[in-house]
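In this note's numbering, the protein residues as written are 12 to 371. Okay, structure first, notes after.
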Amino acid sequence: MLNNTKRLAVAPMMDWTDRQCRTFHRSLTKQAVLYSEMVTTGALIHGDVPRHLDFDEVQHPVVLQLGGSEPQDLATSAKLAQQWGYDEVDLNCGCPSERVQRGSFGACLMAEPDLVADCVKAMVDAVDMPITVKHRIGLNEMNVQDNQADYQFTLDFICKVAQAGASQVTIHARNAILKGLSPKENRTVPPLRYEIAKQLRLDAQKHFPDLNVLLNGGLENNGDIARYWNDFDGFMIGRAAYHTPGIMLDWDEMLSTEGQAFGHFFGVDQWNRITEELIVQCTRWLKHCEATQQVFHMAAITRHILGLAHGKGGSKQWRRKLSDYRLLGAVKTEQDIRAFFEDANRELRMYVEHDDQDRL
């Protein structure tokens, strides 16, 4: 069960935050909360449950994000999440894609706060684990900054899901434009409104003091997190965490120092530790594939770690090796896994400099 201290979390991202990605992220931070990709209720009720829900125990604390709008289906899916050992369930009310809208879930659910409240209550009644909601700051052309009715709409949405039993909401501080913008444009075109998200937290907690409110959207680095540290109960970071995962190496210390400590030197010793954990992860996956008669391909893991060498000398050559399907396809044994990473690491300038120093 998760506690109520400040939270740093990696956002749920389709096609990215799968089980291999989350295990890699856990090698960088022990305390951050990791979220699954969004899984629809239909995929769980009618599909391959182990494929969607199986995960490595090292990932705790880990949250299953669900997509759906039918209370009983969500209750059934939440029960499955509890059976499979997830720590928490999150309901997606923030995804603006038209494909998701056609399924009647995601950001369009904000227009039906009573239905969302029913969904939350159904899950709260079904399981003994926290239920949370991720949503946008508003819909379409709503102006929560200058229009009191629009602001009240979003505050009412938050209060209704809290009344239904949600322990946390995560506010993506941009409107969701349901028509005319792609999902990518929805992450950049609508303006960020952090100050409004801050005010929503203050007003919601007047009625629900135990409700945790996290900020999401546009957070690019640890400095951004530290800047708003005292304004929210936590932060959810998506693409910045995925593309520059090295920022997560500071998160445990940020949590223990109230956001003050970040920006440490990421050198050879830290890199060696992470490499060893990656070798262990790849070896476990190799053995799992052998035991289940699946085809092992290390790209399932290496595709998620390409941003680790961001800003380091030799990173281009390192990434090239980690993306080379010919080299990856030749990895068949535990010895091959270690040799692959050791060879790739020799492309990094810090290793060349470290070896030169050792020879002096």
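Glycine included, every Cβ here is placed at the ideal spot set by N, Cα and C.
For Gln328, which residues from the same chain have a beta carbon less than 6 Å from its beta carbon, with the 5 sequence-adjacent residues on both sides left out?
For the purposes of this step, residue 328 is taken as the residue at position 317 of the sequence shown. For Gln328, where only same-chain residues beyond five positions count, the Cβ hits under 6 Å are Glu358.
Note the first and the last residue of the continuous alpha helix (DSSP H) segment covering Lys195.
Here residue 195 refers to the residue found at position 184 when the sequence shown is read from its first residue. Lys195 -> alpha helix (DSSP H) spans Pro194 to Asn197.
In three-state terms, what does DSSP make of Ala170?
Looking up residue 170 in the sequence shown gives position 159. First, the amino acid is wrong: residue 170 is Cys here, not Ala. The answer is helix: DSSP assigns Cys170 an H, G or I state.
What is the residue span of the alpha helix (DSSP H) that Glu99 lies within?
As a first step, residue 99 is located in the sequence shown; it is residue number 88 there, counting from the start. Not the alpha helix (DSSP H): Glu99 falls in the beta strand (DSSP E), residues Glu99 to Cys104.
Considering only residues of the same chain and omitting the five flanking positions on each side of His275, which have a CB-CB separation below 8 Å?
Against the sequence shown, residue 275 aligns to sequence position 264. Closer than 8 Å at the Cβ level, and outside the excluded window around His275, lie Leu260, Asp261 and Glu264.
Indicate the three-state DSSP secondary structure (helix, strand or coil) for Tyr239 in the structure shown.
The sequence position of residue 239 within the sequence shown is 228, counting from 1. In the structure shown, Tyr239 sits in coil (DSSP, three-state: anything other than H, G, I, E or B).
Could you pull out every unbroken alpha helix (DSSP H) segment of at least 4 residues lying fully inside the region 224-269, listed in chain order?
233-238, 250-254 and 262-267
C-alpha gap between Phe273 and Thr286, whole angstroms
Position 262 of the sequence shown, counted from the start, is the residue given in the question as residue 273. Position 275 of the sequence shown, counted from the start, is the residue given in the question as residue 286. Roughly 22 Å between the two C-alpha positions.
From Leu317, Phe243 and Ala187, pick the residue whose C-alpha is nearest to that of Leu203; which is it?
The residue given as residue 203 occupies position 192 in the sequence shown. The option with the nearest alpha carbon to Leu203 is Ala187.
Neighbour-count burial assignment, Val127, 16 or more Cβ in a 10 Å radius
Counting from one through the sequence shown, the residue named residue 127 turns up at place 116. Val127 is buried by the Cβ-count criterion.
Helix, strand or coil: which one does DSSP assign to Val131?
The residue you call residue 131 lines up with position 120 of the sequence shown. Residue state, collapsed to three classes: helix.
Do Thr143 and Asp84 come within 8 Å of each other at the CB atom, strictly closer than that value?
Taking the sequence shown and counting its residues from 1, one reaches residue 84 at position 73. Taking the sequence shown and counting its residues from 1, one reaches residue 143 at position 132. It is not a contact, given that the beta carbons lie outside the stated cut-off.
Taking its Cβ as the centre, do 16 or more other Cβ atoms sit within 10 Å of Gly395, making it buried, or is it exposed?
Here the chain comprises residues numbered 12 to 371, so residue 395 is not present and cannot be evaluated.
With which residues is Thr143 paired in a DSSP beta bridge?
Counting from one through the sequence shown, the residue named residue 143 turns up at place 132. Beta-bridge pairing links Thr143 to Asp101 and Gln179.
How about Thr28 and Glu48: do their beta carbons lie closer than 8 Å?
Reading the sequence shown from its first residue, position 17 is the one you call residue 28. Reading the sequence shown from its first residue, position 37 is the one you call residue 48. Yes, they are a contact pair.
Taking three-plus beta-carbon pairs below 8 Å as touching, is the region 130-140 in contact with the region 87-94?
yes
Pull up the distance between the alpha-carbon of Thr16 and that of Asp244, whole angstroms please.
Reading the sequence shown from its first residue, position 5 is the one you call residue 16. Reading the sequence shown from its first residue, position 233 is the one you call residue 244. Thr16 and Asp244: Cα-Cα distance of roughly 8 Å.
For Trp240, which residues of its own chain have a beta-carbon under 7 Å away from its beta-carbon, when the five flanking residues on both sides are left out?
Here residue 240 refers to the residue found at position 229 when the sequence shown is read from its first residue. Glu269 and Gly270.
Taking Gln76 as part of the alpha helix (DSSP H), name the residues at either end of that continuous run.
Position 65 of the sequence shown, counted from the start, is the residue given in the question as residue 76. Careful: Gln76 lies outside any alpha helix (DSSP H), inside the beta strand (DSSP E) at Val73 to Gly78.
Using the C-alpha atoms, what's the distance from Phe164 back to Met12?
Residue 12 sits at position 1 when you count from the first residue of the sequence shown. Residue 164 sits at position 153 when you count from the first residue of the sequence shown. Only weak support is given to the placement of Met12: the predicted model assigns it a pLDDT of 42, under 50, and the question is left unresolved by the model.
Does the Cβ of Asp161 have 16 or more other Cβ atoms within 10 Å, making it buried, or fewer, making it exposed?
Walking along the sequence shown from the start, residue 161 turns up at place 150. With 16 or more Cβ atoms within 10 Å of its Cβ, Asp161 is classed as buried.
Just checking my contact of Ala43 with Val21 at CB under 8 Å: how many whole Å lie between their CB atoms?
Your numbering for residue 43 matches position 32 in the sequence shown. Your numbering for residue 21 matches position 10 in the sequence shown. 6 Å between Cβ atoms; contact.
Count the other CB atoms, across all protein chains shown, that sit within 10 Å of the CB of Arg370; report buried if there are 16 or more and exposed otherwise.
In the sequence shown, counting from the first residue as 1, residue 370 sits at position 359. The predicted position of Arg370 is uncertain, since its pLDDT is 47 and thus under 50; a value taken from the coordinates is nonetheless stated next. Label assigned to Arg370: exposed.
Can you tell me where the beta strand (DSSP E) holding Thr48 begins and where it ends?
Working through the sequence shown from its first residue, we reach residue 48 at position 37. A quick correction: the sequence has Glu, not Thr, at residue 48. Segment Val44 to Thr51, the beta strand (DSSP E) holding Glu48.
Am I right that Thr294 and Glu345 are in contact with their C-beta atoms under 8 Å? What's the rounded C-beta distance?
Numbered from 1 along the sequence shown, position 283 holds the residue referred to as residue 294. Numbered from 1 along the sequence shown, position 334 holds the residue referred to as residue 345. With 8 Å as the limit, Thr294 and Glu345 qualify as a contact, their Cβ atoms being about 5 Å apart.
Reference Asn197; option with closest CA among Ile207, Lys209, Tyr205 and Ala184
Against the sequence shown, residue 197 aligns to sequence position 186. Nearest C-alpha to Asn197: Ala184.
Ala20: first and last residue of the uninterrupted beta strand (DSSP E) it sits in
Taking the sequence shown and counting its residues from 1, one reaches residue 20 at position 9. From DSSP, the beta strand (DSSP E) with Ala20 extends over Arg18 to Val21.
If I measure Cβ to Cβ from Val306 and keep anything under 7 Å in the same chain, skipping five residues before and after, which residues do I get?
Looking up residue 306 in the sequence shown gives position 295. Cys300.
DSSP beta-bridge partners for Asn186?
Start at 1 with the first residue of the sequence shown, and residue 186 comes out as number 175. Looking at the DSSP assignment, Asn186 forms a beta bridge with Gly149.
Apart from the five residues just before and just after Arg18, which ones in its own chain have a Cβ nearer than 6 Å to its Cβ?
What you label residue 18 is simply residue 7 of the sequence shown in a count that begins at 1. Contacts found: Val44 and Gly245.
Identify, in the order they occur along the chain, each residue of the same chain with its Cβ nearer than 6 Å to the Cβ of Gln81, setting aside the five sequence neighbours on each side.
On the sequence shown, position 70 is the one that residue 81 refers to. Residue identity differs from the one stated: residue 81 is Glu in this sequence, not Gln. Same-chain partners within the cutoff: there are none.
From Cys104 to Ala118, what distance separates their C-alpha atoms?
Locating residue 104 in the sequence shown gives position 93, where the first residue counts as 1. Locating residue 118 in the sequence shown gives position 107, where the first residue counts as 1. Whole-angstrom Cα-Cα distance: 4 Å.
Which residues in the same chain have their Cβ closer than 7 Å to the Cβ of His71, if we skip the five residues on either side of it in sequence?
In the sequence shown, the residue the question calls residue 71 occupies position 60. Taken in chain order, the residues that qualify are Asp98.
Suppose you measure from the CA of Gln31 to the CA of Asp67; what does that come to, to the nearest Å?
In the sequence shown, residue 31 corresponds to position 20, counting from 1. In the sequence shown, residue 67 corresponds to position 56, counting from 1. Spanning the two alpha carbons is a distance of roughly 9 Å.
Under 7 Å: does the beta carbon of Gly257 sit that close to some heavy atom of the ligand SAM?
Looking for the ligand SAM in the displayed structure turns up nothing, as the structure carries no ligands at all.
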